[in-house]
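Colleague: Numbering (full-length UniProt numbering), first residue to last: 1 to 185. Here it is, the structure, as structure tokens.
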């Protein structure tokens with residue numbers, strides 16, 4: 001997620017939790033350059049509604065690259081309404097094979113409230129285990145916290161918020177300024 005022109009860019013923790021018939025995607029707002037916080041209120045979780053189907057996407061990495069991928073995903077969803085898996089696989093194929101797209105540096109978490117995927121530039125469309133997906137600088141901290149909290153009776157949003165708070169208390173590239181979107185199937 002960093003390159004030679006912008007060494008040391010860090011930031012973003014995106015967490016998705018599926019529980020009780022809904023999926024909650026939470027993203028922090030921090031963008032850092034080295035040891036400096038450049039912005040604390042970035043919005044890295046978005047709702048798409050192609051063809052009337054609600055899809056929530058969280059992204060980590062280059063914002064411009066992520067927006068390019070979001071536009072492509074929206075077109076894939078419009079071409080295959082209600083077929084999230086197909087749209088994600090088609091996006092990952094294009095991302096892996098297209099000379100221009102191959103250079104994009106971002107990762108996505110995508111859900112329609114039923115299915116939950118992590119999409120990478122390596123051509124991966126991963127369906128996470130344990131009903132938890134996390135990406136970004138603090139993703140491993142948030143995922144570990146969420147796994148530990150899965151044994152509680154918290155609803156999906158409470159669990160995601162608590163896990164993100166734990167990640168923010170450990171990871172210097174994560175803050176507590178959250179954007180949270182829910183989607184039910």
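We put the beta carbon where it would ideally sit given N, CA and C, even for glycine.
Taking C-beta to C-beta, are residue 123 and residue 167 nearer than 8 Å?
Modeller: Along the chain shown, read from residue 1 onward, the residue named residue 123 stands at position 123. Along the chain shown, read from residue 1 onward, the residue named residue 167 stands at position 167. Result no, Cβ atoms of residue 123 and residue 167 do not sit closer than 8 Å.
Colleague: Could you check whether the stretch 15-29 touches the stretch 151-166, counting it as contact only if at least three pairs of C-beta atoms, one from each stretch, sit closer than 8 Å?
Modeller: Cβ pair count under 8 Å is three or more, so yes.
Colleague: Report yes or no: do the stretch 129-149 and the stretch 13-20 share at least 3 C-beta pairs separated by less than 8 Å?
Modeller: Counting Cβ pairs under 8 Å, three or more are found: they touch.
Colleague: Taking residue 69 as the reference, which of 44, 82 and 53 has the closest Cα?
Modeller: Along the chain shown, one-based indexing puts residue 69 at 69. Minimum Cα distance to residue 69 is reached at 44.
Colleague: Please report the residue range of the alpha helix (DSSP H) in which residue 97 lies.
Modeller: The residue labelled residue 97 in the question sits at position 97 within the chain shown. It spans 84-97 - the alpha helix (DSSP H) in which residue 97 sits, taken as one unbroken run.
Colleague: Roughly how many angstroms separate the alpha carbons of residue 114 and residue 120, rounded to a whole number?
Modeller: Along the chain shown, one-based indexing puts residue 114 at 114. Along the chain shown, one-based indexing puts residue 120 at 120. Their Cα atoms are separated by approximately 20 Å.
Colleague: Starting from residue 39, follow its DSSP beta bridges and name the residues at the other end.
Modeller: As a first step, residue 39 is located in the chain shown; it is residue number 39 there, counting from the start. DSSP lists 31 as partners of residue 39.
Colleague: Using a 10 Å radius around the Cβ and a threshold of 16 neighbouring Cβ atoms, would you call residue 35 buried or exposed?
Modeller: In the chain shown, residue 35 corresponds to position 35, counting from 1. Its Cβ having fewer than 16 others within 10 Å, residue 35 is exposed.
Colleague: On a CA-only basis, which of 64, 39, 65 and 75 is nearest residue 50? Give me that one, please.
Modeller: To locate residue 50, count along the chain shown from 1; it is residue 50. Closest option to residue 50, Cα to Cα, is 75.
Colleague: If you follow the beta strand (DSSP E) that residue 159 is in, where does it begin and where does it stop?
Modeller: Your numbering for residue 159 matches position 159 in the chain shown. Per DSSP, residue 159 belongs to no beta strand (DSSP E); it is in the alpha helix (DSSP H), 156-170.
Colleague: Can you check whether the CB of residue 54 is closer than 8 Å to the CB of residue 84?
Modeller: As a working note, residue 84 is residue 84 in the chain shown. As a working note, residue 54 is residue 54 in the chain shown. Cβ atoms of residue 84 and residue 54: not closer than 8 Å.
Colleague: Classify residue 149 as helix, strand or coil using the three-state DSSP reduction.
Modeller: To locate residue 149, count along the chain shown from 1; it is residue 149. Correct three-state label for residue 149: helix.
Colleague: Going by DSSP, name the residue or residues bridged to residue 15.
Modeller: Here residue 15 corresponds to residue number 15 of the chain shown, with the count starting at 1. Residue 15 is bridged to 26 and 134.
Colleague: Under 7 Å: does the beta carbon of residue 143 sit that close to some heavy atom of the ligand ZN?
Modeller: The model depicted lacks the ligand ZN and carries no ligand whatsoever.
Colleague: Return helix, strand or coil for residue 102, following the three-state DSSP convention.
Modeller: The sequence position of residue 102 within the chain shown is 102, counting from 1. Three-state DSSP puts residue 102 in a helix.
Colleague: Could you give the first and the last residue of the continuous beta strand (DSSP E) run that contains residue 76?
Modeller: Position 76 of the chain shown, counted from the first residue, corresponds to residue 76. Element bounds for residue 76: not the beta strand (DSSP E) but the alpha helix (DSSP H), 63-79.
Colleague: Looking only at its chain, what residues have a beta carbon closer than 7 Å to the beta carbon of residue 101, apart from the 5 residues adjacent to it on each side?
Modeller: As a working mapping, residue 101 is identified with position 101 in the chain shown. Hits under 7 Å: 94 and 95.
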